[in-house]
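Read the structure below first, then the notes.
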Amino acid sequence: MDSVATLLRRPAAASILSLIGVLAFYVIFGGVDLGQLFGAASWVNYAARIGIVAVALGLLMISGEIDISIGAMIPAGAMTTAIISGYFELPIILGIIGALTVGVLVGLFNGILAVRTSVPTLIITLGTLVAMQGIVLAGSKLLTGAASVPLQAPQWAKTVFGDLMFGGNHQVVIIWWIIIAAVFWFIMHQTKYGNWIFAIGGDKVSARNAGIPVDRITILLFVGTATAASFVGMCHAILFNSAQVSGGMNDIFNIVVSVVVGGVLLTGGFGSIVGVFVGTITFAIVVKGIDFTDIDRNWANLIIGVMLLVAVGMNVTFRKKALTAVKKKKG
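First residue of the sequence shown: 1, per UniProt numbering; consecutive thereafter.
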């Protein structure tokens with residue numbers, strides 16, 4: 001019983017239980033073949049695409065902030081790569097550097113505004129989202145005269161960033177997702193920087209009084225989310241040989257839901273990279289896995305809504321259990 005109680009106090013508990021619940025629901029009510037589902041590439045590819053941004057956003061949300069401009073940064077990264085290396089036919093390495101640079105600059109802009117003003121980051125990044133939508137559309141029209149730009153990347157770039165693995169249907173971006181998640185897990189759970197992020201999310205004033213560089217960490221986290229989103233856009237431009245101004249906009253909600261299902265509280269101070277990783281898998285299975293069931297696809301949004309509400313309730317409950325356990329130990 002003690003081991004079960006310890007598990008339920010962990011931030012990843014909500015995501016694991018959500019995954020088990022979704023799989024059980026699909027098996028019982030949807031007649032899904034788990035072997036066929038686990039062997040499918042559709043949901044894994046989708047999970048990798050949103051998962052790279054989700055792990056970066058997870059760190060930011062644990063610190064108590066949020067960034068919804070990621071929805072515009074995915075097409076911004078794709079269009080930057082396509083315009084530089086497709087339309088202007090410059091080396092693909094310049095297109096890659098250009099896409100990542102755009103991510104860094106937008107992240108710096110969001111982060112500096114977040115630490116220099118009292119405006120909530122939801123409002124700041126909403127403004128950036130709308131502004132970047134306009135910049136990407138107007139910039140594409142001005143430079144190329146079109147809202148879609150073709151790109152033919154060399155084979156080395158496709159092999160590294162945008163190709164199918166082993167001659168199958170699984171995209172190489174899956175490997176990037178695992179690598180980035182592992183790096184972020186190490187930073188978050190094995191270094192002092194992770195403790196700083198948790199402290200900032202728990203109480204920003206106390207963290208600053210303890211000597212933690214709150215402003216610098218916050219800015220770096222915003223840079224991380226924007227750059228992760230532009231990286232995903234760049235990978236997809238290389239994979240699909242083109243970029244569109246609207247590609248990736250619908251992923252804002254999906255990424256945030258994946259993070260919340262992964263056990264991260266919107267108020268900050270609680271969460272884990274493992275939880276976000278599993279939460280992304282859970283969300284991807286809900287969205288793509290329904291095609292492997294007998295359930296009408298129109299019910300997918302209802303399932304997502306219920307799953308989100310249940311996950312939020314579990315996150316709050318498990319956090320209370322964790323705090324109660326800490327108080328008992330101190331007592």
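Just so it is clear, CB atoms sit at the ideal spot from N, CA and C, and this is done for glycine as well.
Asked	Found
Return the chain-ordered list of same chain residues with a C-beta closer than 8 Å to the C-beta of Ile290, the five sequence neighbours on each side being excluded.	Tyr26, Gly30, Arg297, Trp299, Ala300 and Ile303
Once the 5 residues before and after Val276 are set aside, which same chain residues still bring their CB inside 6 Å of it?	Ala54, Val55, Gly58, Val259 and Gly262
Less than 7 Å between C-beta atoms, sequence neighbours within five positions excluded: which residues of the same chain meet that for Gly139?	none
What is the DSSP secondary structure of Gln171, reduced to helix, strand or coil?	strand
For the segment 57–76 against the segment 85–96, do three or more pairs of beta-carbon atoms, one drawn from each stretch, fall closer than 8 Å, so that the two count as touching?	no
Do Met243 and Ala78 have their C-beta atoms within less than 8 Å of each other?	What sits at residue 243 in the sequence shown is Ala, not Met. The answer is yes: Cβ separation under 8 Å.
Suppose the cutoff is 7 Å on Cβ atoms and the five residues either side in sequence are ignored; what does the same chain contact list for Leu164 look like?	His170 and Gln171
Taking the alpha carbon of Phe222 as the reference point, which residue from Trp43, Tyr46, Ile112 and Ala12 has its own alpha carbon closest?	Ile112
Output the residue ranges of the alpha helix (DSSP H) runs that lie fully inside the segment 1–74 and measure 4 residues or longer, sorted by chain position.	2–8, 13–30, 34–38 and 42–62
State the CB to CB distance for the pair Met234 and Phe161, rounded to an integer number of angstroms; the pair is presumed to be in contact (CB under 8 Å).	7 Å
Rounded to the nearest angstrom, how far is the Cβ of Ala47 from that of Val274, given a contact under 8 Å?	About 14 Å; that fails the 8 Å criterion.
Measuring alpha carbon to alpha carbon, tell me which of Thr144, Ala153, Val102 and Leu143 ends up nearest Thr128.	Val102
If you follow the alpha helix (DSSP H) that Val119 is in, where does it begin and where does it stop?	Premise fails: Val119 is in no alpha helix (DSSP H) and is neither H nor E.
Pull up the DSSP beta-bridge partners for Ala243, would you.	Val149
Which of the three DSSP states, helix, strand or coil, is assigned to Leu94?	helix
Counting C-beta neighbours from all protein chains within 10 Å, is the total for Arg49 16 or more, i.e. buried, or is it exposed?	buried
Assuming the contact rule is C-beta atoms closer than 8 Å, Leu137 and Val245 should be a hit. Round their C-beta distance to whole Å, please.	5 Å
What residues in its chain sit with their C-beta under 6 Å from that of Met61, if we drop five residues either side in the sequence?	Val259 and Val264
Tell me the DSSP bridge mates of Leu164?	Gln171
Would the beta-carbon of Gln152 fall within 8 Å of that of Asn250?	no
Helix, strand or coil for Val261, going by three-state DSSP, please let me know.	helix
Skipping 5 residues on each side, what residues in its chain have a beta carbon closer than 7 Å to that of Ser42?	Lys288
At what residues does the alpha helix (DSSP H) containing Ala207 begin and finish?	Lys204 to Asn209
Taking the alpha helix (DSSP H) that Thr282 belongs to, which residues open and close that run?	Ile273 to Gly289
Cα separation between Ala228 and Ile28?	37 Å
Alpha carbons only, please: which of Leu126, Trp196 and Asn195 is nearest the one belonging to Asn110?	Leu126
Assign Met79 to one of three DSSP states: helix, strand, or coil.	helix
To which residues of the same chain is Leu34 closer than 6 Å at the C-beta, ignoring the five residues directly before and after it?	none
Below 8 Å between beta carbons: does that hold for Trp176 and Ile52?	yes
In whole angstroms, what is the alpha-carbon distance linking Ser148 and Leu239?	15 Å
Using the three-state DSSP reduction, which class does Asn298 fall into: helix, strand or coil?	helix
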